[in-house]
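Keeping their order, the protein sequence lines are chains A and B.
With our numbering, the residue at position 9 of the first sequence is 9, and numbering never jumps.
Going from the second sequence to our numbering is simple: count from 1 and add 117.
Cβ atoms here follow ideal geometry from the backbone N, Cα and C, with glycine treated the same way.
Working notes, beginning with the structure itself.
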Amino acid sequence: MASTQNDLGALGRYAGPATLILSSLAGGPKHGYALTTDIEEFAGVRLQPGTLYGALSRLETQGLIESLEADGRRLPYRLTRSGATTLRAHLTVQAQRAEVGLRRLGASPTAPGLAIS
Amino acid sequence: MSLVERLYQRWGFWRFALLSLVFWGVLWPVGSAWLVVAAIGRYRQLDKSPAARTSRRIDRYLSWYPAPWRERYGEELEQLLRDTIHGGHGGIRLTLNIARESAAARYPSTGSTVGALCWSLCWIPLIPQGVVPLVLKLTGASTRSWFLATYLPAPLQWPVIAAMVAAGLTMLFTAARLLPVHSSRTACDPTQ
């Protein structure tokens, strides 16, 4: 599938972290450390600080997130309308791909680790 | 004729021997010892508490990012780094991650990476393999050291020197074209 301007694929190696960040922000505004812990909780992945801010700066440039008023030294971010639309489209495509993969795995008797009764 | 041989001829044996003795016996060890003592003194003056160590480490990490990027994200990243280190995740992976991401912030595109490589490497063909052998040839010095051109047959020496200077200058101009101009705020937008 070709990348459009708002496609997260256009972020290159930051597409994975960006998906996690947008998914986390879909649950409400968060600052850097809250994002890291939330992502670790729901995805089992700990984003390193450099990667997190590399992705945040790119997402902010694309207008997918925006910063709120600072809370001390921490600056919370929230999803923009455009960010929510992009995330929804991205996750829908991912879900369709996952569904096809899982269906094929389920239908194949040779799939490793799957017992077809 | 090397510099040492010239000095020997100019000063004569006794004067050369005396000055060599002063240099190697006094100036060199005293200077080295002074540098070591100064370094130890500076180290002793440092605050070695864990908080101060962490602050120095974070300052070092942040210094790897370009200034405009630090202005926008530095304070937040500093807080996150502090939280991360206090949370027990401040190992070598953190250092490597910051090194990689700060380089990506400094040179965000392939062109900039090529520019950075050209800027880093252009000095090798330009200075030690170009300008220095050029000066050696012009002054008639017999030193060969590791200058490629001086090991080649005479007819090839000038073309190789010219090629090295040309390669170095080409890389330098390429770097100048590709790298962002840091005095320009727009050319160094941290979010680009």
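Nearest residue (CA-CA) to residue i, options the options
| i | options | result |
| --- | --- | --- |
| Asp200 of chain B | A:Thr85, A:Gln48 and A:Ala84 | A:Gln48 |
| Pro29 of chain A | A:Gly72, A:Arg73, A:Gly54 and A:Ser67 | A:Ser67 |
| Asp38 of chain A | A:Pro17, A:Arg81 and A:Arg103 | A:Pro17 |
| Tyr33 of chain A | B:Leu152, B:Leu198 and B:Leu135 | B:Leu198 |
| Gly12 of chain A | A:Ala95, A:Ala55 and A:Arg73 | A:Ala55 |
Beta carbon proximity, residue i to chain B, threshold 9 Å
| i | result |
| --- | --- |
| Ser82 of chain A | no |
| Leu11 of chain A | no |
| Leu91 of chain A | no |
| Thr36 of chain A | yes |
| Arg73 of chain A | yes |
| Ser57 of chain A | yes |
| Gly44 of chain A | no |
| Gly16 of chain A | no |
| Ser117 of chain A | With a pLDDT of 43 at Ser117 of chain A, under the threshold of 50, the modelled position of that residue is not reliable, and the figure given next carries that caveat. No, Ser117 of chain A lies away from the interface with chain B (no Cβ there is under 9 Å from its Cβ). |
Separation of residue j from residue i, as counted between CA atoms
| i | j | result |
| --- | --- | --- |
| Leu295 of chain B | Thr61 of chain A | 22 Å |
| Ala43 of chain A | Leu20 of chain A | 8 Å |
| Gly63 of chain A | His31 of chain A | 17 Å |
| Gly9 of chain A | Ala89 of chain A | 12 Å |
| Leu138 of chain B | Arg132 of chain B | 10 Å |
| Thr80 of chain A | Leu22 of chain A | 10 Å |
| Asp164 of chain B | Arg170 of chain B | 8 Å |
| Leu213 of chain B | Trp275 of chain B | 44 Å |
| Gly285 of chain B | Ala233 of chain B | 14 Å |
| Ser57 of chain A | Trp236 of chain B | 26 Å |
| Pro245 of chain B | Ala70 of chain A | 52 Å |
| Leu135 of chain B | Val147 of chain B | 17 Å |
| Ser3 of chain A | Thr85 of chain A | Model confidence at Ser3 of chain A stands at a pLDDT of 45, short of 50, so the residue's coordinates are unreliable; what they give is reported in the following sentence. Rounded to whole angstroms, Ser3 of chain A to Thr85 of chain A spans 15 Å at the Cα level. |
| Ser172 of chain B | Ala222 of chain B | 22 Å |
Buried versus exposed call for residue i [16 or more other C-beta atoms within 10 Å across all chains shown]
| i | result |
| --- | --- |
| Gly247 of chain B | buried |
| Glu193 of chain B | buried |
| Leu144 of chain B | exposed |
| Ile65 of chain A | buried |
| Phe264 of chain B | buried |
| His203 of chain B | exposed |
| Tyr178 of chain B | buried |
| Glu41 of chain A | exposed |
| Gln162 of chain B | exposed |
| Tyr14 of chain A | buried |
| Gln196 of chain B | buried |
Short CB-CB distance (under 9 Å) between residue i and chain A
| i | result |
| --- | --- |
| Glu192 of chain B | yes |
| Ala233 of chain B | no |
| Trp263 of chain B | no |
| His206 of chain B | yes |
| Leu198 of chain B | yes |
| Thr201 of chain B | yes |
| Ile278 of chain B | no |
| His299 of chain B | Its pLDDT being 48, under 50, His299 of chain B is placed unreliably in this model, and the value from its coordinates should be taken loosely. With 9 Å as the cut-off, His299 of chain B does not count as an interface residue toward chain A. |
| Ala222 of chain B | yes |
Span of the beta strand (DSSP E) around residue i
| i | result |
| --- | --- |
| Ile65 of chain A | Ile65 to Ser67 |
| Arg74 of chain A | Neither: Arg74 of chain A is in no beta strand (DSSP E) and is coded neither H nor E. |
Neighbour list for residue i in chain D, Cβ cutoff strictly below 8 Å
| i | result |
| --- | --- |
| Ser219 of chain B | Within the model displayed, chain D is absent; protein chains A and B are what it includes. |
N-terminal and C-terminal residue of the alpha helix (DSSP H) that residue i is part of
| i | result |
| --- | --- |
| Arg198 of chain B | Correcting the residue identity first, residue 198 of chain B is Leu in this sequence and not Arg. Note, Leu198 of chain B: alpha helix (DSSP H), Ala184 to His203. |
| Thr287 of chain B | Ala271 to Leu295 |
| Leu135 of chain B | Phe130 to Val139 |
| Ala43 of chain A | Gly32 to Ala43 |
Residue i CB to nearest heavy atom of the ligand FAD below 8 Å
| i | result |
| --- | --- |
| Glu218 of chain B | Absent from the structure shown: the ligand FAD. Ligands present: none. |
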